[in-house]
Amino acid sequence: VYHALRAGGGPEGTEKAGRTWPLRPHGDVLGDTFTSDKMVALASFQDLYVGLQPYGNPNKIAGGVFRKTAPAVFGLLSALELHPTNKRSGVYAPIGGFQAVTDALQKLAQDVGVQIQTESTVTKVTDDGVYYQPTHDTAAPTQFLPSDLTVVNADLAYATKSIFATDADSPTDPPPDPRPRYDWDDSFDFSSGVVAFDWCLDVPARGLLTHNVFLACRDAAAARRSWRVLADDPDSDPADPEPF
1 VYHALRAGGG PEGTEKAGRT WPLRPHGDVL GDTFTSDKMV ALASFQDLYV GLQPYGNPNK
61 IAGGVFRKTA PAVFGLLSAL ELHPTNKRSG VYAPIGGFQA VTDALQKLAQ DVGVQIQTES
121 TVTKVTDDGV YYQPTHDTAA PTQFLPSDLT VVNADLAYAT KSIFATDADS PTDPPPDPRP
181 RYDWDDSFDF SSGVVAFDWC LDVPARGLLT HNVFLACRDA AAARRSWRVL ADDPDSDPAD
241 PEPF
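In full-length UniProt numbering, the protein residues as written are 1 to 244.
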């Protein structure tokens with residue numbers, strides 16, 4: 001859009017704006033920008049963070065950007081993380097690992113009088129409080145903790161299906177069943193999954209930076225094949241994925 005305005009709305013500016021339209025499929029815009037398949041993969045790997053594929057689906061409206069395809073505006077993620085002139089950009093890790101963040105938040109809370117209760121599994125959230133049970137003793141009786149305000153940090157879809165009280169619940173109902181419940185719902189589509197390996201090393205890896213991306217993209221066709229299952233092609237073979 002900016003290019004089109006700079007060009008006075010002429011054909012050249014309009015064409016350039018169309019190629020970089022932020023709601024086009026991300027992979028289409030990158031394909032018009034780079035000739036290297038690995039550059040396209042490098043600039044689109046962050047689409048995985050939100051469970052979307054970068055490549056447009058020709059069988060869907062707008063290439064699928066309203067469903068499972070990342071729009072080109074997701075390219076801002078790379079700019080925010082990796083831009084060389086932005087002093088606030090970059091990926092940082094806390095000294096002592098992310099456990100240090102948890103420990104710091106716990107100390108701040110306890111310093112102002114917050115009582116922290118762990119090893120307890122919440123089984124139902126109501127307007128008046130929460131039911132909970134000892135995590136490692138499902139035979140123990142369910143207990144109730146009254147609350148004026150309850151903040152639920154669990155995944156919203158899981159909490160809605162599993163632990164939120166419904167209008168049909170009655171105050172005289174027996175305590176909730178402590179057995180595990182799941183938010184399985186066949187009416188929803190699956191997004192992409194990520195298999196992450198967390199490696200702990202006892203030696204310094206001085207050849208690596210804080211944020212490293214390893215690509216194994218052989219060609220564009222191989223990369224697209226990795227996403228066919230997500231693109232509603234159940235007959236595709238997911239046994240040959242392209243790792244990032």
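Don't be surprised by glycine CBs; every beta carbon is placed ideally from N, CA and C.
Work out the CA separation of residue j and residue i for me, nearest whole Å.
i: T135; j: L48; result: 33 angstroms
i: L105; j: I61; result: 45 angstroms
i: Y132; j: T142; result: 6 angstroms
i: L77; j: V50; result: 11 angstroms
i: V114; j: S120; result: 17 angstroms
i: W227; j: N57; result: 10 angstroms
i: residue 246; j: T126; result: Residue 246 is absent from the model: the chain starts at 1 and stops at 244.
i: F197; j: F214; result: 13 angstroms
i: R206; j: L80; result: 25 angstroms
i: F45; j: N153; result: 27 angstroms
i: T102; j: V195; result: 24 angstroms
i: V65; j: T20; result: 14 angstroms
In this structure, does DSSP put residue i in helix, strand or coil?
i: G13; result: For G13, the predicted structure reports a pLDDT of 43, less than 50, and the residue's modelled location is therefore unreliable. The matter cannot be settled from this model.
i: F144; result: strand
i: F160; result: In the sequence under discussion, the amino acid at residue 160 is Thr, which differs from the Phe named in the question. The answer is helix: DSSP assigns T160 an H, G or I state.
i: G129; result: strand
i: R224; result: helix
i: V203; result: coil
i: V114; result: coil
i: V122; result: strand
Out of the options, state which residue places its alpha-carbon closest to the alpha-carbon of residue i.
i: L30; options: P22, S36, W21, V40; result: V40
i: R218; options: D28, L42, T33; result: L42
i: I163; options: T138, C200, S147, K124; result: K124
i: L149; options: A140, I116, T166, D128; result: D128
i: L209; options: A93, A196, L80, Y55; result: A93
i: R225; options: Y55, F66, L80; result: Y55
Pull up the CB-CB distance for residue i and residue j, whole angstroms please, since I reckon it's below 8 angstroms.
i: T69; j: Q53; result: 6 angstroms
i: A220; j: D37; result: 5 angstroms
i: V122; j: S147; result: 11 angstroms between Cβ atoms; not a contact.
i: residue 277; j: G63; result: Nothing can be reported for residue 277: it is not among the residues displayed for the chain, which extend from 1 to 244.
Following the continuous alpha helix (DSSP H) through residue i, name the residue where it begins and the one where it ends.
i: Q99; result: 99-111
i: residue 255; result: For the chain, the structure presents residues 1 to 244; residue 255 sits outside this window and is missing.
i: H26; result: 26-33
i: K38; result: 37-44
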